[in-house]
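Student: In the working numbering, the protein residues as written are 2 to 954.
For reference, the structure I am asking about is given below.
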RNA sequence: GGGGGAAUGGCGGAAUUGGCAGACGCGCAUGACUUAGGAUCAUGUCUCUUACGAGGUGAGGGUUCGAGUCCCUCUUUCCCCACCA
């Protein structure tokens with residue numbers, strides 16, 4: 002027997018990658034004679050290393066794009082980098098590398114890694130958001146938004162570090178302190194740039210003609226948080242300071258027994274009388290130290306302070322106290338509320354704590370005298386204590402659907418006391434960042450205080466290279482050459498030093514992919530007319546509310562600013578109807594889950610030392626031992642630890658601890674003993690540590706601790722490096738494993754054993770195909786027919802599953818086909834022709850998943866280059882159809898017998914056959930069935946479910 | 001706190017409209033081959049039961065001839081919450 006060549010991916014993968022690149026196999030060019038397909042996957046942040054998570058997101062997306070291409074579409078599958086952001090600045094501060102240098106080096110590294118995936122990215126279309134040819138247009142968009150009134154300046158709170166004179170990201174603030182310096186952080190008001198996203202709030206609630214997952218829509222809908230109600234004006238007792246409040250419950254106005262202002266409310270200082278100033282000011286300062294999340298937590302006790310001022314309830318004319326409390330947010334509604342403690346849980350808790358009046362104004366129909374005494378009531382009932390509205394039904398619905406709310410709103414409007422109003426939880430988009438590494442905001446402040454945008458001819462405003470990145474202050478603000486500008490008037494002026502939120506860059510990048518070097522507009526309308534809109538967008542669900550909402554807002558704004566008009570004209574010219582193509586950016590959206598770290602055991606150790614207490618050991622020796630030894634319940638093993646140590650007294654103090662390390666912090670080991678008890682070992686500085694696998698002198702840092710399945714991170718030491726797996730198993734195996742081993746929408750823990758399944762699959766296919774057709778086969782027509790049937794059932798399943806993002810089952814179907822083909826070939830029961838047809842179909846179906854190996858095998862069986870330019874096999878329902886099937890006989894829904902029947906069996910025959918089976922007779926036990934139900938075979942193309950007869954006894 | 005998911009063998013997961021639960025794979029077990037095995041091949045692998053059978057999809061209820069799937073109550077767990085991207 003000749004020694005056959007083994008599958009060795011390393012030898013073939015780079016060969017084909019180079020060939021494909023040389024032949025420009027994946028260049029996507031406009032071709033109006035073919036249907037287009039724009040497949041987009043979220044662009045990565047260039048953190049430096051391609052993570053296994055990137056592979057998990059991109060590989061199935063790539064496979065699906067390849068499948069669409071084999072189905073006859075002209076597919077564009079581009080890639081780029083979201084290259085502005087905080088990590089580059091951190092690298093600059095910590096290591097003195099310029100953000101641009103750091104970022105560009107990372108991009109080069111990641112691009113190389115991505116090329117090793119064998120993905121069909123068209124690198125000619127690469128867009129990088131930190132390059133001037135890109136951010137020129139980010140700035141341009143800002144300018145257009147400004148000119149059309151979508152961008153405006155207003156105040157907002159930031160995390161401000163007085164020590165560093167800089168704004169901090171939420172993630173840089175831990176426990177109200179800067180994570181780097183440990184210095185306190187306060188909430189500070191700053192004038193910043195906003196986009197008027199709320200203008201589109203209502204439109205964003207609708208999803209015309211798009212196929213998006215329901216949970217994403219729900220999350221966005223809740224995020225936008227539309228609520229109907231009324232704005233009502235309360236007048237203060239002293240001074241002309243009307244306070245406007247928003248309420249969803251105008252029907253409870255008569256129960257408003259006090260008001261609450263947010264601590265940041267501008268009227269706080271105006272209405273507070275002198276004798277209350279000190280207390281109020283102290284409270285306001287304390288509130289500034291807390292984040293919004295902390296302030297609105299229900300678990301935290303509500304706090305507040307009386308302002309000393311009073312307002313007049315506009316409907317009852319009563320005098321009500323005005324309080325300051327941080328459970329009211331300046332960012333929601335008007336930053337002030339009317340408090341109705343009887344019917345709102347938060348107001349109720351507050352009133353209880355500070356002894357404020359609780360007056361019920363909605364009475365549930367079945368209420369006793371004591372309702373509203375122990376808790377707020379927010380359900381349906383009739384209005385009471387409410388003047389002219391006494392007895393009006395409040396049915397518990399929101400907005401106009403509630404007759405009480407509707408009636409009160411109308412009356413308020415008529416009386417001039419208030420008006421109907423819709424409020425959104427979503428706020429306008431704050432795009433200002435007080436940072437260096439972002440797209441500059443192209444605005445200039447004249448000396449007279451007015452603002453002007455930078456002239457188009459001066460775009461882009463470039464980031465200066467020679468900035469000082471010390472982590473203190475704002476690098477752009479400290480750079481005179483950048484700050485000093487000349488206004489259009491010719492006079493000196495000051496340049497805006499805020500840069501834009503990086504979400505701004507990622508809100509339009511798929512338009513830049515159309516023509517990344519186009520110089521007269523953000524995108525070339527000739528390309529746009531053919532490729533837009535994006536047909537499928539894949540990425541992580543963590544972007545559900547922010548990135549995906551910003552992206553939708555951007556596209557709608559672009560549409561309204563006429564930025565697609567030229568594109569639409571070109572579409573018309575090619576006979577394509579542009580109607581409704583620019584309302585939404587992405588037609589189909591799908592989200593993948595996350596790959597988590599692999600579960601791993603910690604080292605089992607036997608530590609010797611002195612007991613500090615019953616559960617803490619000072620160890621002078623730590624030995625890593627086998628798990629068997631650690632779990633051994635031989636008492637001799639446990640007690641055999643004696644030694645040639647000092648005095649008897651000292652000996653008595655000595656102890657031994659055996660168990661698995663479940664946590665390690667510096668030199669403190671948390672160890673779980675065999676009996677489950679958890680104890681601590683403090684490893685002394687001069688302790689001896691022995692790890693058998695690791696030669697040389699070992700240190701405490703080399704001890705591994707147990708790892709629960711969790712997100713990968715460098716600090717946990719559980720990062721899976723895809724490069725290592727590509728080196729050892731090949732890119733095709735990693736691709737196949739990522740597609741096969743997980744529910745793509747869920748993700749899950751990496752399993753370095755589990756990858757062996759796909760590895761064997763590919764080795765098997767390799768061996769099967771390179772072995773050639775069985776010679777001298779005694780072909781069996783039944784086996785050949787069965788194989789043909791399996792091939793066509795597989796064509797149906799693989800095609801459908803790839804299209805429906807069910808990647809793991811498509812691979813499973815291909816494995817099943819391989820198993821059957823292998824068995825048939827081994828038994829020598831198929832002819833060379835049948836073998837060849839089956840192999841061809843199998844390779845073509847595998848092409849989207851394992852592109853390198855099939856290209857190699859395709860060449861070896863004499864297929865025309867390239868397999869990736871072939872059509873996906875055509876499904877034939879006749880060839881896929883089964884002749885026979887299994888009739889399942891059930892008793893009360895549980896199977897009791899089976900019988901082989903033709904697939905087209907009719908009901909009377911099936912019931913007759915079923916009742917004759919031994920299982921049915923046993924089930925009936927001589928009696929008569931109460932009822933017999935026939936469930937016909939569900940069929941269809943490529944697959945059938947079996948017919949059933951359910952016997953009810 | 002608010003919002004959105006998820007829960008099926010030892011593990012990853014499959015199950016189309018409510019119709020044979022556990023496809024496919026990992027691991028494991030037994031056997032074969034082998035100087036060797038982290039290679040390969042064969043067989044088996046939800047639980048209880050000698051068997052016949054019975055039970056079984058986080059827990060408890062419900063609807064139905066029939067529930068992993070639908071409804072109600074609960075538990076656990078993951079993700080997001082506006083300057084991480």
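Just so you know, even glycine gets a beta-carbon here, dropped at the ideal spot from N, CA and C.
Predicted model only: the values in this text are computed from it and were never measured.
Using the Cα positions of residue 580 and residue 567, report the straight-line distance between them to the nearest angstrom.
Tutor: Within the first chain, residue 580 is the residue found at index 579, counting from 1. Within the first chain, residue 567 is the residue found at index 566, counting from 1. Near 13 Å, if we compare the C-alpha coordinates of residue 567 and residue 580.
Student: Nearest to residue 312 by CA position, among 246, 341, 381 and 236, is which residue?
Tutor: Position 311 of the first chain, counted from the first residue, corresponds to residue 312. For the residues 246, 341, 381 and 236, the minimum Cα distance to residue 312 belongs to 236.
Student: When the Cα atoms are used, what is the spatial distance from residue 809 to residue 64?
Tutor: Within the first chain, residue 809 is the residue found at index 808, counting from 1. Within the first chain, residue 64 is the residue found at index 63, counting from 1. Spanning the two alpha carbons is a distance of roughly 12 Å.
Student: Taking residue 78 as the reference, which of 31, 92 and 94 has the closest Cα?
Tutor: Taking the first chain and counting its residues from 1, the one referred to as residue 78 is at position 77. Of the candidates 31, 92 and 94, the one whose C-alpha sits nearest the C-alpha of residue 78 is 31.
Student: Which class does residue 277 belong to by DSSP, given the choice of helix, strand or coil?
Tutor: For the purposes of this step, residue 277 is taken as the residue at position 276 of the first chain. If DSSP states are grouped into helix, strand and coil, residue 277 belongs with the helices.
Student: Looking at the secondary structure, which residues open and close the alpha helix (DSSP H) in which residue 573 lies?
Tutor: Within the first chain, the letter at position 572 stands for residue 573. 566 to 574 is the span of the alpha helix (DSSP H), which, as asked, contains residue 573.
Student: Report yes or no: do three or more beta-carbon pairs, one from the segment 189 to 202 and one from the segment 379 to 396, lie closer than 8 Å?
Tutor: Contact between the segment 189 to 202 and the segment 379 to 396 is absent, because fewer than three Cβ pairs lie under 8 Å.
Student: Is residue 587 helix, strand or coil when you go by DSSP?
Tutor: Counting from 1 along the first chain, the entry for residue 587 is found at position 586. Correct three-state label for residue 587: strand.
Student: Residues in its own chain within less than 6 Å of residue 13 by CB, not counting five upstream and five downstream?
Tutor: Your numbering for residue 13 matches position 12 in the first chain. The answer, listed in chain order, is 853 and 857.
Student: In whole angstroms, what separates the C-alpha of residue 211 from that of residue 588?
Tutor: For this step, residue 211 is matched to residue 210 along the first chain. For this step, residue 588 is matched to residue 587 along the first chain. Near 5 Å, if we compare the C-alpha coordinates of residue 588 and residue 211.
Student: Can the beta-carbon of residue 723 be found closer than 8 Å to that of residue 205?
Tutor: By one-based count along the first chain, residue 723 stands at place 722. By one-based count along the first chain, residue 205 stands at place 204. Taking 8 Å as the Cβ cut-off, residue 723 and residue 205 do not qualify as a contacting pair.
Student: Out of curiosity, what's the CA-to-CA distance linking residue 423 and residue 232?
Tutor: Translated into the one-based positions of the first chain, residue 423 becomes position 422. Translated into the one-based positions of the first chain, residue 232 becomes position 231. When rounded, the distance between both Cα atoms is 9 Å.
Student: Pairing CB atoms from the segment 436 to 444 with CB atoms from the segment 499 to 507, are three or more of them under 8 Å?
Tutor: They touch, by the three-pair rule.
Student: Can you give me the start and stop residues for the alpha helix (DSSP H) that residue 241 sits inside?
Tutor: For the purposes of this step, residue 241 is identified with residue 240 of the first chain, where counting begins at 1. From DSSP, residue 241 is part of no alpha helix (DSSP H); its letter is neither H nor E.
Student: Considering only C-alpha positions, which residue in the set 539, 215, 534 and 585 is nearest to residue 555?
Tutor: One-based indexing of the first chain puts residue 555 at position 554. Comparing Cα positions, the closest option is 585.
Student: Give a single yes or no on whether residue 379 has its beta carbon closer than 7 Å to a heavy atom of the ligand MG.
Tutor: This structure lacks the ligand MG, and indeed carries no ligand of any kind.
Student: In terms of residue numbering, what span does the alpha helix (DSSP H) encompassing residue 957 cover?
Tutor: No answer is possible for residue 957: the residues shown for the chain start at 2 and end at 954.
Student: For residue 901, list the residues DSSP reports as bridge partners.
Tutor: The count along the first chain starts at 1 and reaches residue 901 at position 900. For residue 901, which the question treats as bridged, DSSP gives the partners 887.
Student: Across which residues does DSSP place residue 88 in a beta bridge pair?
Tutor: Reading the first chain from its first residue, position 87 is the one you call residue 88. The partner list for residue 88 (beta bridge, DSSP) is empty, contrary to what the question assumes.
Student: Give a yes or no on contact between the segment 788 to 805 and the segment 866 to 884, applying the rule of three or more CB pairs nearer than 8 Å.
Tutor: A contact exists between the segment 788 to 805 and the segment 866 to 884.
Student: Hey, quick one: how far does the beta strand (DSSP E) through residue 990 stretch, first residue to last?
Tutor: As displayed, the chain neither begins before 2 nor continues past 954, which places residue 990 out of reach and without an answer.
Student: Just checking my contact of residue 281 with residue 269 at CB under 8 Å: how many whole Å lie between their CB atoms?
Tutor: Walking along the first chain from the start, residue 281 turns up at place 280. Walking along the first chain from the start, residue 269 turns up at place 268. Residue 281 to residue 269, Cβ: 7 Å. Contact.
Student: Provide the residue span of the beta strand (DSSP E) that contains residue 338, from first to last.
Tutor: Translated into the one-based positions of the first chain, residue 338 becomes position 337. Run containing residue 338: 337 to 340, per the beta strand (DSSP E) assignment.
Student: Taking only the alpha-carbon atoms, compute the straight-line gap between residue 152 and residue 263 and give it to the nearest angstrom.
Tutor: Taking the first residue of the first chain as position 1, residue 152 is located at position 151. Taking the first residue of the first chain as position 1, residue 263 is located at position 262. Cα to Cα, residue 152 sits roughly 26 Å from residue 263.
Student: Could you please give the first and the last residue of the uninterrupted alpha helix (DSSP H) stretch that includes residue 825?
Tutor: Taking the first residue of the first chain as 1, we reach residue 825 at position 824. That run of the alpha helix (DSSP H) goes 808 to 827.
Student: Can you look up residue 78 in the DSSP assignment and give me helix, strand or coil?
Tutor: Numbered from 1 along the first chain, position 77 holds the residue referred to as residue 78. In this structure, residue 78 counts as coil in the three-state DSSP scheme.
Student: In the DSSP assignment, find the beta strand (DSSP E) that holds residue 30 and state where it starts and stops.
Tutor: For the purposes of this step, residue 30 is taken as residue 29 along the first chain, with counting starting at 1. Here residue 30 belongs to no beta strand (DSSP E), and DSSP marks it neither H nor E.
Student: Count the other CB atoms, across all protein chains shown, that sit within 10 Å of the CB of residue 753; report buried if there are 16 or more and exposed otherwise.
Tutor: Residue 753 sits at position 752 when you count from the first residue of the first chain. So residue 753 ends up on the exposed side.
Student: How many Å lie between residue 56 and residue 747 at the Cα?
Tutor: Position 55 of the first chain holds residue 56. Position 746 of the first chain holds residue 747. So the two alpha carbons sit approximately 15 Å from each other.
Student: Which residue or residues does DSSP assign as beta-bridge partners of residue 846?
Tutor: As a position in the first chain, residue 846 is number 845, starting the count at 1. Partner(s): none; residue 846 has no beta bridge.
Student: Can you grab the Cα-Cα spacing for the pair residue 740 / residue 130, in whole Å?
Tutor: Residue numbering aside, residue 740 sits at position 739 when the first chain is read from its first letter. Residue numbering aside, residue 130 sits at position 129 when the first chain is read from its first letter. Roughly 30 Å separates the two Cα atoms.
Student: Quick one: what's got a C-beta closer than 6 Å to residue 639's C-beta in the same chain, skipping five residues either side?
Tutor: Taking the first residue of the first chain as position 1, residue 639 is located at position 638. Confidence is the limiting factor: at residue 639 the pLDDT is only 36, short of 50, which leaves the residue's position unreliable, though a coordinate-based value still follows. There are no such residues.
Student: Please classify residue 239 as buried or exposed, where buried requires at least 16 other C-beta atoms within 10 Å of its C-beta.
Tutor: The residue labelled residue 239 in the question sits at position 238 within the first chain. Classification of residue 239: exposed, given that the 10 Å Cβ count is below 16.
Student: Do you know offhand how far residue 188's Cα is from residue 35's?
Tutor: Counted from its first residue, the first chain places residue 188 at position 187. Counted from its first residue, the first chain places residue 35 at position 34. So the two alpha carbons sit approximately 56 Å from each other.
Student: Just the C-alpha distance for residue 939 and residue 905, rounded to the nearest angstrom, thanks.
Tutor: Mapped onto the first chain, residue 939 falls at position 938. Mapped onto the first chain, residue 905 falls at position 904. If you take the alpha carbons of residue 939 and residue 905, they lie about 11 Å apart.
Student: Checking 8 Å against the spacing of the C-beta atoms, do residue 253 and residue 363 come in under that value?
Tutor: As a working mapping, residue 253 is identified with position 252 in the first chain. As a working mapping, residue 363 is identified with position 362 in the first chain. Yes, these two residues count as a Cβ contact at 8 Å.
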